[in-house]
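Per full-length UniProt numbering, the sequence shown runs over residues 1 to 474.
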Amino acid sequence: MQSLEEARLAMELVRPMLLVTDTSSNYWQSEFQIDSVPSLRWHVFMNCPIEFNSTGNILTTETLKKPSLRSLSFNYVWAPEGIAIICFTSGTTGRPKGVTISHSALIVQSLAKIAIVGYSEDDIYLHTAPLCHIGGISSAMAMLMVGGFHVLIPKFEAKSAIEAIEQHCVTSLITVPAIMADLISLIRTKETWKGIKTMKKILNGGGGLSVELIQDAIKIFPRAKLLSAYGMTETCSSLTFITLYNPSSEDPGQPFQITSETKSNPIHRVEGICVGKPAPHIELRVRVEDSSHVGRILTRGPHVMLRYWGQIPSKVSDPGDEDWLDTGDIGRIDNYGNLWLIGRTKGRIKSGGENVYPEEVEAILSQHPGVSGIVVVGLPDARLTEMVVACIQIREGWQWTDLSSDHSAKNRDLCLSSEILQHFCREKNLTGFKIPKTFIIWRKPFPLTTTGKLRRDHVRREVMSHSKLLPSNL
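Shown next as structure tokens:
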């Protein structure tokens, strides 16, 4: 659900002529002034009370149902490469941008999801993702294409989603890690769980699932094919897919096993996360800058956005990259054709002339039993250019201690300190310049977007505001 400010910024950028709202927008609609959007000519209220009369430029659904309006003729034009929708990014690196998606992009994305996930007319699909985000709208289009059954809820809440799954015998849905974690947490408290028999297909996006979440999901949804996808708004959702679990091909005696295509390469490794192979219509390549086989991930094809709305397309720095979209991610392709994500270009830390990708450091520190959450950022440093700083959430039962002080901790086995975590990084063979110089105890949830993605820029900004007090507790 968008805030008034998000809705206002979107309308300022797009300059719409028609605005359609329903009762879910009442919380900001009363504050919204139509005059503040000069381009707006019509405002349609959906599901309004009967006594509400259409006046001037304000219409209700009852008005639109009148035969006089239905008799209008339209001149339809075939435009597969024309703009179908303007979908806004989640704004992980700043202000959300309007991405123009073509009809062709939506079609090829739908076909990919149908072929790989296996959607069919027998599916009962629960909309867990908002339709204003590319994951939600692209999956909805795929389900429309096959003629599946749609179950909609006002917004995702674990309780209402679980009730819908059981009431409608839902067979498929999509998740992000936060949604999966919330579902699992609540389902565990139920005495009976009807979804254990009906759920057949789950597609995860918006970030990789941890091994623990995968194992828990298999126990909660044992009959479901579990997949994960990597993509972004600019590519009309999913670029690559990986099957994490398929009950039709797994050995029932194994509680958890990676499918054969990645069995030799675990999904989660220090050097990145395996996100699988590209869909049939996708072209991927890695522009390598040195001998490490790691570089910027580029893609091209009918799935790529037309442009950012209101922006002139920027020129590519390398002439060889014409027609290729730079995803902003760093990765590599292994000998099996699987894409491995290393990190984000914009999140990269330049420390002492070396590149440090936060995700690599986070993957190491998250393995420590005393760390429940971790975000790594870079802070300005006169000598190193940027200093690697780790913001950590401590697991319940553990405590932070200064090893140079008196042994005051009751249980030294459940203690954390900068020295302990730095030593842990060295034991895991993390290169010295990548080991955090400073650790900050983070005592609140990390900021996320509406799609559950980390707002690393917000974390860095808050750490910067406390930089004079480092080391500190936030």
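We treat Cβ as the ideally placed atom computed from N, Cα and C, and that holds for glycine.
(request) Below 8 Å on the Cβ atoms is my guess for V117 versus L203; work out the distance and round it to an integer in Å. (result) Numbered from its first residue, the sequence shown carries residue 117 at position 117. Numbered from its first residue, the sequence shown carries residue 203 at position 203. Contact flag correct, Cβ pair sits at about 5 Å.
(request) Count the C-beta pairs between the segment 168 to 183 and the segment 118 to 132 that are closer than 8 Å, then say yes if the count reaches three, no if not. (result) yes
(request) For C132, name the three-state secondary structure that DSSP assigns. (result) Here residue 132 corresponds to residue number 132 of the sequence shown, with the count starting at 1. Of the three classes helix, strand and coil, the one that applies to C132 here is coil, per DSSP.
(request) Quick one: grab the DSSP three-state call for D329. (result) What you label residue 329 is simply residue 329 of the sequence shown in a count that begins at 1. Strand.
(request) State the Cα-Cα distance for the pair P471 and I184, rounded to the nearest angstrom. (result) If you number the sequence shown from 1, residue 471 lands on position 471. If you number the sequence shown from 1, residue 184 lands on position 184. Reliability of the predicted coordinates at P471 is poor, the pLDDT of 48 falling under 50, and the value obtained from them is presented with this limitation in mind. Taking the straight line from one Cα to the other gives about 35 Å.
(request) Put I85 into one of helix, strand or coil per three-state DSSP. (result) Taking the first residue of the sequence shown as position 1, residue 85 is located at position 85. Note: I85 maps to strand in three-state DSSP.
(message) For a test of the three-state rule: what should DSSP assign to E212, helix, strand or coil?
(response) What you label residue 212 is simply residue 212 of the sequence shown in a count that begins at 1. Note: E212 maps to helix in three-state DSSP.
(request) Decide if the segment 103 to 118 is in contact with the segment 297 to 305; the criterion is three or more beta carbon pairs, one per stretch, under 8 Å apart. (result) yes
(request) Could you pull out every residue in the same chain whose Cβ sits closer than 7 Å to the Cβ of L384, ignoring the five residues on either side in sequence? (result) What you label residue 384 is simply residue 384 of the sequence shown in a count that begins at 1. Here the set comprises S351, G352.
(request) Following the continuous alpha helix (DSSP H) through V108, name the residue where it begins and the one where it ends. (result) Locating residue 108 in the sequence shown gives position 108, counting from the first residue. 103 to 117 is the span of the alpha helix (DSSP H), which, as asked, contains V108.
(message) I believe E362 touches V375 by the beta-carbon criterion, under 8 Å. Please report the beta-carbon distance rounded to the nearest angstrom.
(response) What you label residue 362 is simply residue 362 of the sequence shown in a count that begins at 1. What you label residue 375 is simply residue 375 of the sequence shown in a count that begins at 1. Contact holds; Cβ gap of about 7 Å.
(message) Among G147, P130, V146, M145, whose alpha-carbon lies nearest the alpha-carbon of I153?
(response) The residue you call residue 153 lines up with position 153 of the sequence shown. Of the candidates G147, P130, V146, M145, the one whose C-alpha sits nearest the C-alpha of I153 is P130.
(message) For V389, list the residues DSSP reports as bridge partners.
(response) Reading the sequence shown from its first residue, position 389 is the one you call residue 389. DSSP lists V377, T438 as partners of V389.
(request) Taking only heavy atoms of the ligand NAP into account, decide whether any of them is closer than 7 Å to the Cβ of I214. (result) Of ligands this structure carries none, so the ligand NAP is not represented either.
(message) For the segment 454 to 462 against the segment 131 to 144, do three or more pairs of beta-carbon atoms, one drawn from each stretch, fall closer than 8 Å, so that the two count as touching?
(response) The segment 454 to 462 and the segment 131 to 144 do not touch, with fewer than 3 CB-CB distances between them shorter than 8 Å.
(request) Could you round the C-beta distance between L13 and G98 to whole angstroms and report it? I think they count as a contact, below 8 Å. (result) As a working note, residue 13 is residue 13 in the sequence shown. As a working note, residue 98 is residue 98 in the sequence shown. Right, the Cβ-Cβ distance comes to about 5 Å (below 8 Å), so this counts as a contact.
(message) Strictly by DSSP, which residues pair up with G207?
(response) Stepping through the sequence shown from its first residue, residue 207 is reached at position 207. None, per the DSSP bridge assignment.
(message) One question on the structure: do L414 and W398 come within less than 8 Å of each other, judged by their Cβ atoms?
(response) Numbered from its first residue, the sequence shown carries residue 414 at position 414. Numbered from its first residue, the sequence shown carries residue 398 at position 398. A contact, by the Cβ cut-off of 8 Å.
(message) One question on the structure: do G373 and P358 come within less than 8 Å of each other, judged by their Cβ atoms?
(response) As a working note, residue 373 is residue 373 in the sequence shown. As a working note, residue 358 is residue 358 in the sequence shown. Going by beta carbons, G373 and P358 fall outside the 8 Å limit.
(message) Given this structure, state the Cα-to-Cα distance separating R15 from T89, to the nearest angstrom.
(response) For the purposes of this step, residue 15 is taken as residue 15 along the sequence shown, with counting starting at 1. For the purposes of this step, residue 89 is taken as residue 89 along the sequence shown, with counting starting at 1. Straight-line spacing of the CA atoms in R15 and T89 works out to 17 Å.
(request) Let me know the secondary structure DSSP gives I153 once reduced to three states. (result) Residue mapping note: residue 153 aligns to position 153 of the sequence shown, counting from 1. I153 falls in the coil class under three-state DSSP.
(request) Apply the 10 Å Cβ neighbour rule to residue 475 and answer buried if 16 or more other Cβ atoms are within range, or exposed otherwise. (result) Nothing in the structure corresponds to residue 475, since the chain is present only between 1 and 474.
(message) So for Q367, helix, strand or coil by DSSP?
(response) Here residue 367 refers to the residue found at position 367 when the sequence shown is read from its first residue. It is coil, neither helix nor strand.
(message) Based on DSSP bridge pairs, tell me the residues matched to W400.
(response) Along the sequence shown, read from residue 1 onward, the residue named residue 400 stands at position 400. DSSP output for W400 lists L416 as bridge partner(s).
(message) Please state the DSSP three-state secondary structure of C274.
(response) Reading the sequence shown from its first residue, position 274 is the one you call residue 274. Reduced to three states, the DSSP call for C274 is strand.
(request) Leaving out five residues on either side along the sequence, give the residues of the same chain with a beta carbon under 6 Å from the beta carbon of P177. (result) Within the sequence shown, numbered from 1, the residue matching residue 177 stands at position 177. Around P177: G207, L209.
(request) Put M145 into one of helix, strand or coil per three-state DSSP. (result) Position 145 of the sequence shown, counted from the first residue, corresponds to residue 145. Helix at M145.
(request) State buried or exposed for H133, treating a residue as buried only when at least 16 other CB atoms are found within 10 Å of its CB. (result) Within the sequence shown, residue 133 is the residue found at index 133, counting from 1. Answer is buried; the Cβ neighbour count reaches 16.
(request) Within the same chain, show all residues whose beta-carbon is closer than 7 Å to that of M232, passing over the 5 residues directly before and after it, in chain order. (result) As a first step, residue 232 must be located in the sequence shown, where it is residue number 232. Taken in chain order, the residues that qualify are T327.
(message) For the beta strand (DSSP E) containing S238, name the first residue and the last one.
(response) For the purposes of this step, residue 238 is identified with residue 238 of the sequence shown, where counting begins at 1. First-last of the beta strand (DSSP E) with S238: 237 to 245.
(message) For G195, report the span of its alpha helix (DSSP H) as first-last.
(response) Start at 1 with the first residue of the sequence shown, and residue 195 comes out as number 195. Unbroken alpha helix (DSSP H) run through G195: 195 to 198.
(message) Whole angstroms are fine: how far does the CA of Q311 sit from the CA of F221?
(response) Translated into the one-based positions of the sequence shown, residue 221 becomes position 221. Translated into the one-based positions of the sequence shown, residue 311 becomes position 311. Cα-Cα distance, rounded: 44 Å.
(message) Between the alpha carbons of L430 and P38, how many angstroms are there, rounded?
(response) Taking the sequence shown and counting its residues from 1, the one referred to as residue 430 is at position 430. Taking the sequence shown and counting its residues from 1, the one referred to as residue 38 is at position 38. Looking at the two C-alpha atoms, the distance is approximately 56 Å.
(request) Taking the CB atoms as reference points, tell me whether C236 and S138 lie closer together than 8 Å. (result) Counting from one through the sequence shown, the residue named residue 236 turns up at place 236. Counting from one through the sequence shown, the residue named residue 138 turns up at place 138. Contact: yes.
(request) State the beta-bridge partners of E283 as determined by DSSP. (result) Sequence index remark: in the sequence shown, residue 283 carries index 283 (1-based). Answer is R300, bridged to E283.
(request) Tell me, to the nearest whole angstrom, how far the beta carbon of T243 is from that of V275; I am working on the premise that it is less than 8 Å. (result) Looking up residue 243 in the sequence shown gives position 243. Looking up residue 275 in the sequence shown gives position 275. That pair is no contact at about 12 Å.
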